[in-house]
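The structure appears right after this line, and notes come after that.
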Amino acid sequence: MADSEKAMRTIEKAIKLNPMNPVYYANMGLLYAATDTAINLRNYMALSKVSSEALDKSLAYFHLANNMAPKNRLFSLNLGLLYALNGKYLKAKSFFEKAVENSDEEENVLLWALFCESHKQFVEAKRAFVKALIIAPYLLETDIYAKLEKHNYCYWIEIVENVVKILSVRKGDPINMAKLGSVLLYKGDKIEAEKLFIESLEVMCGLSRPWYALGQLAENKGDSIKAYIFYKRGMSLDSPITLSDRRNLINKNELTEYSLKSKALDIINIYENTYNTSLIDKRIILMDTLSIHKKAASEKP
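The sequence shown: position 39 = 38 (numbering that gives the first Met the number 0), numbered continuously.
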């Protein structure tokens, strides 16, 4: 709490120096949200209504940020999450729709899918589950999709088949080709998946995911030398935040590189007029209890 109060005082000073920077207001919103332990995904998923001064203040600060930067999807997303927790469905829906429009961030779309499902908007939920998988096929290996498969197989298979259909149309693009390979590999079609991974690399050899997948396939065949070569190649191409790292962050319920606390404290030394959304923990609730896990810890990335 002392760190949060220190960060709040610092941001208040920053706002006085530069009252037109929406990042400062968003960070204040995050800090207030962090002071209320009821603001978490467990309550969000359970449709538990949360009412608190901290939530009200968080909403107020996010509205200030959103008014200054109405096109910022992160601000809209957090407003949607907060209103959902506050039991205001229509307001939450309007901000969620704005947040996921043209979004290429799978966690945002996944939150929208879960929101729709919890409110029995199954057509929209299915559309969002499909979109999230098209963005990031690795989500098939998470608990959320595993539970869909277990408890509503027909619904799950329809989602997967829709993903395959859409990616098949788009497979002229090497990235979508590799994504389709990942979905087919998950379904057990190793031959077609391997073919797609190879073809995608022939067009764009700088993709890391197909190399890892080929390494996994080679390892499954007992060819450890090839597997090593493929894995090493994939590692050489990875960005600082690799797919494996991303999964590990998700497994720890931390969907960004830093916790809210460290992100909030990062702002202490920042007073210049900088519009930098990387300072903002993108998803208030996801960092707490999202519970997306790999189905098997031993799987290769």
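For every residue, glycine included, the Cβ atom is placed at its ideal position computed from N, Cα and C.
Between the CA atoms of residue j and residue i - distance to the nearest angstrom
i	j	result
leucine 184	glutamate 104	23 Å
valine 163	lysine 12	52 Å
alanine 135	valine 129	10 Å
asparagine 341	glycine 187	The requested residue 341 does not occur in the structure, where the chain is confined to residues 0 to 300.
lysine 92	glutamate 191	39 Å
asparagine 17	glutamate 100	30 Å
glycine 205	leucine 236	6 Å
proline 69	leucine 63	10 Å
serine 50	leucine 109	25 Å
tyrosine 144	glutamine 120	17 Å
aspartate 172	valine 202	9 Å
threonine 141	leucine 84	24 Å
phenylalanine 95	lysine 225	45 Å
methionine 234	glutamate 218	16 Å
alanine 53	alanine 37	10 Å
lysine 56	threonine 34	11 Å
asparagine 71	glycine 221	48 Å
lysine 189	lysine 149	22 Å
serine 199	arginine 126	26 Å
leucine 138	isoleucine 156	14 Å
lysine 146	asparagine 20	42 Å
serine 102	serine 3	30 Å
alanine 45	serine 117	8 Å
isoleucine 14	lysine 90	27 Å
isoleucine 133	methionine 67	32 Å
asparagine 175	threonine 9	45 Å
asparagine 151	tryptophan 111	19 Å
valine 22	serine 223	49 Å
proline 209	arginine 232	10 Å
alanine 32	asparagine 65	16 Å
Extent of the continuous alpha helix (DSSP H) run through residue i
i	result
leucine 78	72–84
histidine 62	52–67
alanine 37	From DSSP, alanine 37 is part of no alpha helix (DSSP H); its letter is neither H nor E.
lysine 149	142–150
cysteine 115	105–117
Nearest-angstrom Cβ-Cβ length linking residue i and residue j, presumed shorter than 8 Å
i	j	result
valine 323	valine 159	For the chain, the structure presents residues 0 to 300; residue 323 sits outside this window and is missing.
leucine 76	asparagine 39	Not quite, the Cβ-Cβ distance comes to about 16 Å (not below 8 Å), so this is no contact.
methionine 7	leucine 30	5 Å
tyrosine 24	tyrosine 60	5 Å
leucine 166	glutamate 193	About 16 Å; that fails the 8 Å criterion.
leucine 195	leucine 213	Rounded, the Cβ-Cβ distance is 11 Å, inconsistent with contact.
glycine 86	alanine 98	Contact doesn't hold; Cβ gap of about 19 Å is too wide.
tyrosine 347	tyrosine 211	Outside the displayed range of the chain (0 to 300) lies residue 347, so it cannot be described from this structure.
leucine 113	leucine 81	Leucine 113 to leucine 81, Cβ: 15 Å. No contact.
Where residue i falls: helix, strand or coil (DSSP)
i	result
alanine 135	coil
lysine 125	helix
lysine 92	helix
proline 21	helix
cysteine 153	helix
glutamate 256	In this prediction, glutamate 256 scores a pLDDT of 32, lower than 50, which makes its location untrustworthy; no coordinate-derived value is stated.
alanine 45	coil
glutamate 201	helix
asparagine 101	coil
lysine 87	coil
Heavy atom of the ligand NAD within 7 Å of residue i beta-carbon
i	result
leucine 29	This structure lacks the ligand NAD; in fact it carries no ligand of any kind.
* Segments assigned alpha helix (DSSP H), at least 4 residues, entirely inside the stretch 155–196 -> Within the stretch 155–196, the complete alpha helix (DSSP H) runs of at least 4 residues are 173–186.
* To do: Entirely within the stretch 207–239 and at least 4 residues each: give me those alpha helix (DSSP H) ranges in chain order.
  => Segments of the alpha helix (DSSP H) lying fully in the stretch 207–239: 207–219 and 223–236.
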